[in-house]
Amino acid sequence: MENNTDRGPAAWLVEVAEFRTDSRYRLVRFEGVGWEPLAPEEFEPRVHEHFPDLDPHDPAKVHWADRPWEWPAWRPGEA
């Protein structure tokens, strides 16, 4: 399931890769910067660092490959 409009990758400023259970992070691509792994608490601050006026909930500019706003389960002490 995708949560974006008819716009494609050229319109996305932020792209979040598919959900994976083998890592606590999700890969996030920022336009003009590239991909980086982010934990849930890092996502919104990083979005605002790169794009101060961007609403992270804007599906026209922020694309989730699947499972929007979900991160793999992780407990402190796990690698």
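Under my numbering, the letters of the sequence shown match residues 37 to 115, in that order.
We put the beta carbon where it would ideally sit given N, CA and C, even for glycine.
Straight-line CA distance for Asn39 to Val50?
-> Sequence index remark: in the sequence shown, residue 39 carries index 3 (1-based). Sequence index remark: in the sequence shown, residue 50 carries index 14 (1-based). Residue placement at Asn39 cannot be trusted, given a pLDDT of 49 that sits under 50; what the coordinates show is reported in the next sentence. So the two alpha carbons sit approximately 13 Å from each other.
Counting pairs of Cβ atoms below 8 Å between the region 100-107 and the region 82-89, do you hit three or more?
-> Touching, no, given that fewer than three Cβ pairs across the two stretches are closer than 8 Å.
Following the continuous beta strand (DSSP E) through Glu119, name the residue where it begins and the one where it ends.
-> It is not possible to answer for residue 119, since the shown part of the chain is limited to 37 through 115.
So, are the CB atoms of Leu63 and Pro73 less than 8 Å apart?
-> By 1-based counting over the sequence shown, the position of residue 63 is 27. By 1-based counting over the sequence shown, the position of residue 73 is 37. Cβ atoms of Leu63 and Pro73: closer than 8 Å.
Which residues in the same chain as Trp110 place their Cβ atom closer than 7 Å to its Cβ, once the five residues preceding and following it in sequence are excluded?
-> Taking the sequence shown and counting its residues from 1, the one referred to as residue 110 is at position 74. Excluding sequence neighbours, Trp110 sits near Arg60.
Helix, strand or coil at Arg62 according to DSSP, with G and I counted as helix | Numbered from 1 along the sequence shown, position 26 holds the residue referred to as residue 62. Correct three-state label for Arg62: strand.
Pull up the distance between the alpha-carbon of Val69 and that of Asp58, whole angstroms please.
-> Residue 69 sits at position 33 when you count from the first residue of the sequence shown. Residue 58 sits at position 22 when you count from the first residue of the sequence shown. Distance between the alpha carbons of Val69 and Asp58 is about 24 Å.
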